[in-house]
Amino acid sequence: MNAEAIVYVVDDDEAVRKSLDRLIRSAGFAVQTFPSAREFLSCPPPPGPSCLILDLKMPEITGLELQEALIAAGRTIPIVFLTGFGRVGESVRAMKAGAVDFLEKPVKEKTLLESVRRAIDQDARHRKQAGELNAIRKRFARLTPRERDVFRLVITGMLNKQIAFQLAISEKTVKVHRARIMEKMEAPSLAALVRLAERLA
Amino acid sequence: MTRDTGNRRKALRANPAPPGARRGGESLTARQSEMLDMAPTGACLLSEEGLVLEANRTAAGLLGLAKGSLVDRPFAGFILPEDRDRFHFHLRQLLQFGLPQRWDLRMTAEGRESFWSRLEATAAWDGDGPALIRLFFSDITDAKQAEQALIDTNEFHTQILACVEEGLVVLDKDLKYCLWNPVMERITGLPAEQVVGKHCLALFPGFRKSGVYRLFERALAGEKCTMESAPLSMFGMGTPGWAIRRISPLRDFRGEIIGVIATLTDITDIKHAQDHLKQARDELERRVDERTAELKQAYEALQTESLGRREEEGNYRRSLATSPLGIRIATADGKTLYTNQALLDILGCESMEELCAVPFSKYYTQDSYRVFLKRFRKRLRSGNLQPDQYAINVITKHGEVRHLEVSRSLTLWGGKREYCIVYHDCSAREQAEEMRRRIEQLRIYHRQELSQFGRLAAVGEFTAAITHELSQPLSAIANNAAAARRFLSRPRPDRAESLAALREIIDNASRAGAVIRRFRSFMLRKELHRRSIDVNRLVADTAALIHHETDHRQVAVNLDLWPERLTAMAGKIELQQVLINLIFNGCDAMRKVAVPLRRIDVRTVPKGAGEVVVSVRDNGPGLDEQVKGRLFEKFYTTKAGGLGMGLVVSKRIIEAYGGRIWADNNATGGTTFSFSLPINAGKGVAR
Chain S
6 MNAEAIVYVV DDDEAVRKSL DRLIRSAGFA VQTFPSAREF LSCPPPPGPS CLILDLKMPE
66 ITGLELQEAL IAAGRTIPIV FLTGFGRVGE SVRAMKAGAV DFLEKPVKEK TLLESVRRAI
126 DQDARHRKQA GELNAIRKRF ARLTPRERDV FRLVITGMLN KQIAFQLAIS EKTVKVHRAR
186 IMEKMEAPSL AALVRLAERL A
Chain B
42 MTRDTGNRRK ALRANPAPPG ARRGGESLTA RQSEMLDMAP TGACLLSEEG LVLEANRTAA
102 GLLGLAKGSL VDRPFAGFIL PEDRDRFHFH LRQLLQFGLP QRWDLRMTAE GRESFWSRLE
162 ATAAWDGDGP ALIRLFFSDI TDAKQAEQAL IDTNEFHTQI LACVEEGLVV LDKDLKYCLW
222 NPVMERITGL PAEQVVGKHC LALFPGFRKS GVYRLFERAL AGEKCTMESA PLSMFGMGTP
282 GWAIRRISPL RDFRGEIIGV IATLTDITDI KHAQDHLKQA RDELERRVDE RTAELKQAYE
342 ALQTESLGRR EEEGNYRRSL ATSPLGIRIA TADGKTLYTN QALLDILGCE SMEELCAVPF
402 SKYYTQDSYR VFLKRFRKRL RSGNLQPDQY AINVITKHGE VRHLEVSRSL TLWGGKREYC
462 IVYHDCSARE QAEEMRRRIE QLRIYHRQEL SQFGRLAAVG EFTAAITHEL SQPLSAIANN
522 AAAARRFLSR PRPDRAESLA ALREIIDNAS RAGAVIRRFR SFMLRKELHR RSIDVNRLVA
582 DTAALIHHET DHRQVAVNLD LWPERLTAMA GKIELQQVLI NLIFNGCDAM RKVAVPLRRI
642 DVRTVPKGAG EVVVSVRDNG PGLDEQVKGR LFEKFYTTKA GGLGMGLVVS KRIIEAYGGR
702 IWADNNATGG TTFSFSLPIN AGKGVAR
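Protein sequences appear in the order of chains S and B. Just add 5 to wherever you are in the first sequence, counting from 1, and you've got this note's numbering. Just add 41 to wherever you are in the second sequence, counting from 1, and you've got this note's numbering.
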């Protein structure tokens with residue numbers, strides 16, 4: 006179902022950890038478990054979409070502290086919190102910091118798996134957007150400095166003539182640059198080019 | 042004389058004589074002598090050995106002696122002992138090389154403090170005779186002091202610069218560095234020698250881009266500028282850090298701008314400290330949030346708990362208020378806290394305020410008051426705290442004398458000593474006696490209810506702990522069960538995984554069981570005391586204890602006790618509590634039953650060889666099947682003011698002693714509640 010997706014589980018209770026592992030595997034996800042936040046942090050970030058199921062109350066580094074550490078390290082993995090007894094203050098704090106869900110133990114199978122799916126989807130979407138943006142940036146990087154100048158003016162809707170005047174070059178040169186820009190940015194139309202520019206900004 | 046001496050002489054001759062110097066050996070003419078006396082400097086002619094041969098008046102004045110008495114005295118005698126070596130050194134220099142000497146030293150004189158003096162000495166040589174020394178000296182103390190002051194000031198300024206804790210920089214009008222203090226050296230790692238005299242842009246090209254150069258120019262134009270949070274990296278250093286720069290024009294005493302002065306305050310530490318502070322504040326805020334949530338929960342729990350208590354207290358108060366007996370609650374020092382209507386009526390007061398307007402003892406007749414005081418003191422001395430009964434005469438507001446019987450008991454309420462005093466107007470003595478007993482009973486009942494609340498709180502704590510301990514294995518069980526179901530419902534069921542899940546379920550179920558066992562044994566150990574109890578006697582005692590209450594409710598309590606002694610290991614108080622609870626439940630159930638039919642039967646019988654059964658049978662409407670199923674559920678109640686805890690606590694107590702508790706509807710109507718207890722082995726059914 007989600008062959009490339011991976012669900013991480015961090016819980017200090019071995020029985021709970023193993024049972025979560027089994028349950029999530031039974032739903033078709035790949036699972037990797039960690040007995041502590043420290044061990045999770047030392048594991049390299051995954052290549053594919055992923056999410057983290059995190060016990061709130063753990064010795065040493067708590068769930069909330071791990072969440073903070075991940076945010077500080079710029080790792081944007083979606084988190085589903087599990088807690089023995091939910092406290093309003095902690096749940097609010099976790100959700101504010103971007104947790105996908107805050108579930109109370111014992112958690113219902115359906116609730117948990119739905120949260121996991123939502124988290125994985127969210128991460129996949131996030132990764133896709135980041136990937137696209139990266140591609141557009143790469144394309145933009147191929148433009149020469151002069152082409153970039155022209156690019157900036159083209160997307161404001163200026164005519165070739167106006168651009169030529171502004172940059173003090175001939176209209177014909179502008180046309181050549183323009184064609185190269187469309188080709189390098191892989192934009193089929195001016196409208197598409199403007200959209201790309203918007204995402205770059 | 043050696044050859045050296047000859048050379049020296051030549052050297053002397055070649056030297057032009059200093060102004061005013063005279064050839065040695067010459068005696069002075071009177072006019073010359075007079076002129077010399079007029080000179081503003083002291084002048085002496087010394088022999089080679091340093092003895093004064095001649096001196097002018099000024100010299101005598103400076104040395105505080107008459108001119109004549111100076112002659113033949115060693116000049117060194119006027120020199121401060123510490124400086125004499127220098128004096129002799131310079132004379133030797135003079136005599137050896139013939140070079141005029143000029144130096145400063147401190148001199149002493151008759152009748153004045155030591156003074157600084159500038160000495161100029163030349164040597165005169167005449168023929169082969171001994172050398173003569175012309176010595177001129179003048180008091181330069183003032184100049185010396187001024188000089189010292191200047192040196193001090195300079196050193197002071199240098200010291201200030203060295204001590205400034207901020208980077209300090211001065212640039213001239215061309216923006217070349219003039220001053221670069223040690224702090225700047227430390228911050229930038231550049232020694233002053235490499236900086237001073239260089240143009241700022243030549244040293245730090247980055248200044249143009251970072252805007253510092255612009256600020257220098259503005260300062261030259263007379264403006265003061267501050268640059269908050271300038272990165273230290275502008276000096277081209279790798280160390281990260283931050284500083285505040287303040288740049289001002291440097292003016293001379295005329296107020297003209299002659300350069301720029303800039304300070305640099307390293308605020309890296311402050312910045313770090315601020316960051317730490319912010320972190321600490323965030324942490325604190327988080328803790329406060331947590332604590333607030335916890336407190337909120339605790340508060341809610343407390344509210345739920347105290348709601349029941351308030352209701353109970355309300356009942357208690359109502360019964361006090363409507364009592365025909367006068368009741369007063371007072372502090373240990375006699376201040377009235379509460380009186381009921383009956384007491385107001387007895388004393389003829391309209392309100393409690395009116396009653397309290399005078400001390401309560403003012404209502405006593407004089408004789409009564411004397412007797413009361415005597416009694417009171419005696420009791421205080423003996424420390425007897427038992428309820429006290431006595432009679433008094435009081436005078437009412439209307440002037441009547443009434444004879445009251447008083448019963449006073451000490452209570453501890455919330456840790457405070459209070460007296461509950463019941464006044465019985467003797468005309469209604471019988472009734473009052475009854476009321477007094479009722480109130481006593483109510484108080485016993487009330488105390489028991491309170492002790493149940495204590496238990497309830499304990500149950501609450503255990504519940505929280507157990508919830509936490511159980512949630513882990515229960516989570517594991519739920520997850521494994523769900524996983525097993527999923528693995529089995531696949532098109533090709535995964536047997537291995539499912540079996541593993543089932544094994545985990547079994548393991549965690551026994552883990553949960555262990556948690557429960559641990560808590561149960563903990564609770565028993567902590568709360569229950571057992572001793573051998575005569576069950577028949579316990580039932581009889583309890584019935585007697587609540588006799589007044591059951592009478593009041595107009596319920597007949599009938600005891601049907603097994604003729605032989607039955608003993609069980611249990612706690613007396615706990616068993617009494619259970620029994621009272623069951624009997625009162627029975628009374629409550631018969632509230633709507635006609636008075637002659639209100640009857641409770643308490644029976645004790647042995648069951649089999651090992652148990653004794655106590656049953657409480659009422660004549661009420663009996664139990665619905667639905668109610669019956671939920672009888673022992675926590676907080677389940679059919680009574681208007683009930684808590685739904687009585688039977689829960691009873692069940693817990695009985696089960697803790699290894700017995701059971703149950704309820705049956707009677708064939709002839711009403712309900713029988715029964716509990717069994719294991720008979721105490723050995724002393725069981727005594728024949």
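Backbone N, C-alpha and C fix where the C-beta goes; we use that ideal spot for every residue, glycine too.
Since I believe residue j is in contact with residue i (beta carbons under 8 Å), could you give me their beta-carbon distance rounded to a whole number of angstroms?
i	j	result
B/H439	B/G389	5 Å
B/S158	B/I181	6 Å
B/L718	B/A609	4 Å
S/V12	S/S55	7 Å
B/N222	B/G238	15 Å between Cβ atoms; not a contact.
B/T713	B/V657	7 Å
B/I614	B/T583	Going by Cβ atoms, the distance from B/I614 to B/T583 rounds to 11 Å, so no, they are not a contact pair.
B/C628	B/R594	5 Å
S/D60	S/V85	Wrong, their Cβ atoms sit about 11 Å apart, outside the cutoff.
S/L69	S/A99	6 Å
S/A32	S/L118	5 Å
B/G711	B/G661	5 Å
S/L28	S/E114	7 Å
S/K62	B/S516	With a Cβ gap of about 13 Å, S/K62 and B/S516 do not count as contacting.
Taking the C-alpha atoms as reference points, what is the distance between residue i and residue j?
i	j	result
B/T149	B/F116	11 Å
S/L108	S/P51	24 Å
B/Q235	B/F245	12 Å
B/R286	B/R292	19 Å
B/G791	B/A84	No information on residue 791 of chain B is available, as it lies outside the stretch 42 to 728 that chain B covers here.
S/D154	B/F248	30 Å
B/L366	B/V412	23 Å
B/Y218	B/A233	9 Å
B/L160	B/F294	37 Å
B/S360	B/A371	18 Å
B/S715	B/R458	40 Å
S/V112	B/A555	22 Å
B/A71	B/L104	22 Å
S/P49	B/I695	59 Å
S/F156	S/R185	10 Å
May I ask you to report which of helix, strand or coil DSSP gives residue i?
i	result
B/A398	coil
B/Q595	coil
B/H129	helix
B/M225	helix
B/V253	helix
B/R369	strand
S/A10	coil
S/I186	helix
B/H444	strand
What span of residues does the alpha helix (DSSP H) with residue i cover, start to end?
i	result
B/M610	From DSSP, B/M610 is part of no alpha helix (DSSP H) but of the beta strand (DSSP E) over 608-611.
B/K648	Element bounds for B/K648: not the alpha helix (DSSP H) but the beta strand (DSSP E), 640-648.
B/K457	That residue, B/K457, is in no alpha helix (DSSP H); its beta strand (DSSP E) goes 457-466.
S/D128	114-146
For the beta strand (DSSP E) containing residue i, name the first residue and the last one.
i	result
B/N434	429-436
B/V205	Here B/V205 belongs to no beta strand (DSSP E), and DSSP marks it neither H nor E.
B/L106	No beta strand (DSSP E) contains B/L106, which DSSP labels as neither H nor E.
S/M163	Here S/M163 belongs to no beta strand (DSSP E), and DSSP marks it neither H nor E.
S/T38	35-39
B/G300	298-307
S/A206	That residue, S/A206, is in no beta strand (DSSP E); it is neither H nor E in DSSP.
Is residue i near the ligand SAH, in the sense that its beta carbon is under 6 Å from a heavy atom of that ligand?
i	result
B/P428	Ligands in the displayed structure: none, and consequently the ligand SAH is not present.
>> As an exercise, report each continuous alpha helix (DSSP H) stretch of at least 4 residues that is fully enclosed by the segment 686-720 of chain B, in chain order.
In response: 687-697
> What are the complete beta strand (DSSP E) segments, minimum 3 residues, inside the segment 42-105 of chain S?
Replying inline: 55-60, 84-88
> Where are the beta strand (DSSP E) runs, 3 residues long or more, that stay fully inside the segment 147-173 of chain B, in chain order?
Replying inline: Within the segment 147-173 of chain B, the complete beta strand (DSSP E) segments at least 3 residues long are 153-165, listed from N- to C-terminus.
> Which runs of the beta strand (DSSP E), 3 residues or longer, sit entirely within the segment 496-555 of chain B?
Replying inline: Taking only runs of at least 3 residues, no beta strand (DSSP E) segment lies wholly in the segment 496-555 of chain B.
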